[in-house]
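Written out below as structure tokens is the structure these notes cover.
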Amino acid sequence: MKVCLVTHPCLISRATGQGIARYSFEIWSRLKESLELHVVMPRKMNSYIDLMIEESVLPLKLHRVHADLYHAASPIGGKTAVLARKSPLITTFHDALPLFPGIFPTSTSYRYHQLCYSIAVKSDIIIVTSKTTKNFLISSFRLDPEKFKVIYMGVDLKSFRPLPRTPSETKRILFLGGTYFKLRGADTILKAFSKVERELKNVELLIGGTGRDEAFVARMIKTLKISDKVKMLGYIPESKLPKVYNLADLFVFPSRIGFSLSMFEAMACGTPVITCDVFDTSELVGDGALLVKPNDINKLTNAIFNVLTDEKLRRDLINKGFQRVQGFSWERTVKETFNLYKNVK
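In this note's numbering, the protein residues as written are 354 to 698.
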């Protein structure tokens, strides 16, 4: 069986911090020995110009590929497959957040909505990474529920695991902003932390990530007068992430855009997690994390304070989070994907 995996707009990598790139890497690395797997991906994606070039080149490249099945790792990859008139086609939708009003500019949301609808209609099977996403797409696009297959994302439980910790009087809170600090709630965690550090003097906020909102974050830290309590870590390579999670006493992710793999990674490392009850988050983390309402600074402040001062609550979150994440492995994700490949007609 020959399968063509279309990863555009991402490269196959476990080092970029991009969920789609990691998803593609896991499928490729775990299935390349089990079937004939051909990959169509960009040569490089360092700028908007690169994106435009690849948008025109990749359909031509894909047109020359002859496979039994085509799997697009995202709707954008699905567009490439549709332009190349390839079928049968499986497309993975990792979320539906660009379709939500207020997340991105109206014009961007409209174009993405049109793209997703077109790709969803033309795909033979749609993989979704949560039941929440499935229900939202069915409701938005009025598609046949039988067209959808829920396959959850995973975490590398061998790499992300509890490590020996050096006792410290300083309580470290970790926040990973990725490339979207604002959408991941950087302003909320900074405001909440500024309140917490008034009550708990031995606290420190570690911020990882790099992107367009770094200047905004720097200004806010200065305005709140917490520069001496905040460390900007910049981009953190995946090889160092387990150590960073284990260094933290608490992982806070007040996201406005739903679930992130970083929640699973922190839970797998035995670090308690506080996040927001948005979109598919509660479905995925279950009782393995403490959920608060998005944008509620007071609730987030209280949650952080309680976890850092109540050892029983902290241990309960650690245990529940660790148990919860054991059911989400890349082995399971890829096995279910492979079984789906075999059943496509």
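Glycine residues also receive a C-beta, built at the ideal position from the N, C-alpha and C atoms.
Task: beta strand (DSSP E) runs contained entirely in the stretch 480–559, provided each spans 3 or more residues - done: 501–503 and 524–531
Open item on the list: When you compare the CB positions of residue 359 and residue 434, do they come within less than 8 Å of one another, or not?
Closed with: yes
- [ ] Using three-state DSSP, classify residue 691 as helix, strand or coil.
- [x] helix
TODO: May I have the straight-line CA-CA distance separating residue 479 from residue 497, to the nearest angstrom?
DONE: 11 Å
Open item on the list: Is the separation between the beta-carbon of residue 376 and that of residue 513 shorter than 8 Å?
Closed with: no
Task: Alpha-carbon to alpha-carbon, residue 670 and residue 687 - done: 28 Å
- [ ] Assuming residue 427 contacts residue 373 (C-beta within less than 8 Å), just tell me the rounded distance between them.
- [x] 5 Å
Task: Identity of the residue in 591, 509, 470 and 573 nearest residue 540 by Cα - done: 573
Task: Residue interval of the alpha helix (DSSP H) (run including residue 658) - done: Judged by DSSP secondary structure, residue 658 falls within the alpha helix (DSSP H) whose first and last residues are 650–662.
TODO: Compare the beta carbon distance of residue 354 and residue 388 with 8 Å and say whether it is the shorter of the two.
DONE: Against a cut-off of 8 Å, the Cβ pair of residue 388 and residue 354 comes out as a contact.
Task: Rounded straight-line distance, which links the Cα of residue 568 to that of residue 706 - done: In the structure as shown, the chain starts at 354 and stops at 698, and residue 706 therefore has no counterpart that could be examined.
Open item on the list: Whether or not the stretch 645–652 and the stretch 459–472 are in contact is what I'm after, with contact meaning three or more pairs of Cβ atoms, one per stretch, closer than 8 Å; do they touch?
Closed with: no
TODO: Less than 8 Å between the CB atoms is what I'm expecting for residue 718 and residue 393, so what's the real figure, rounded?
DONE: The requested residue 718 is not part of the displayed model; the chain covers only 354 to 698.
Open item on the list: Ignoring anything shorter than 3 residues, give me the beta strand (DSSP E) runs that lie fully in the stretch 364–414, in order along the chain.
Closed with: Those beta strand (DSSP E) runs which fall completely within the stretch 364–414 and span 3+ residues are 389–393.
Task: Extent of the continuous beta strand (DSSP E) run through residue 445 - done: 442–446
Task: Rounded separation between residue 681 and residue 361 - CA only - done: 25 Å
Open item on the list: Tell me the rounded alpha-carbon separation between residue 629 and residue 612.
Closed with: Here the alpha carbons of residue 612 and residue 629 stand approximately 9 Å from one another.
Open item on the list: Once the 5 residues before and after residue 618 are set aside, which same chain residues still bring their CB inside 7 Å of it?
Closed with: 508, 513, 594 and 598
Task: residue 682 - partner residues in DSSP beta bridges - done: 508
Open item on the list: Between residue 468 and residue 632, how many whole angstroms is the CB-CB distance? I'm expecting something under 8 Å.
Closed with: So it is not a contact: roughly 19 Å between Cβ atoms.
Task: Buried versus exposed, by CB contacts within 10 Å (16 or more), residue 704 - done: Outside the modelled stretch of the chain, which goes from 354 to 698, sits residue 704, for which no answer is possible.
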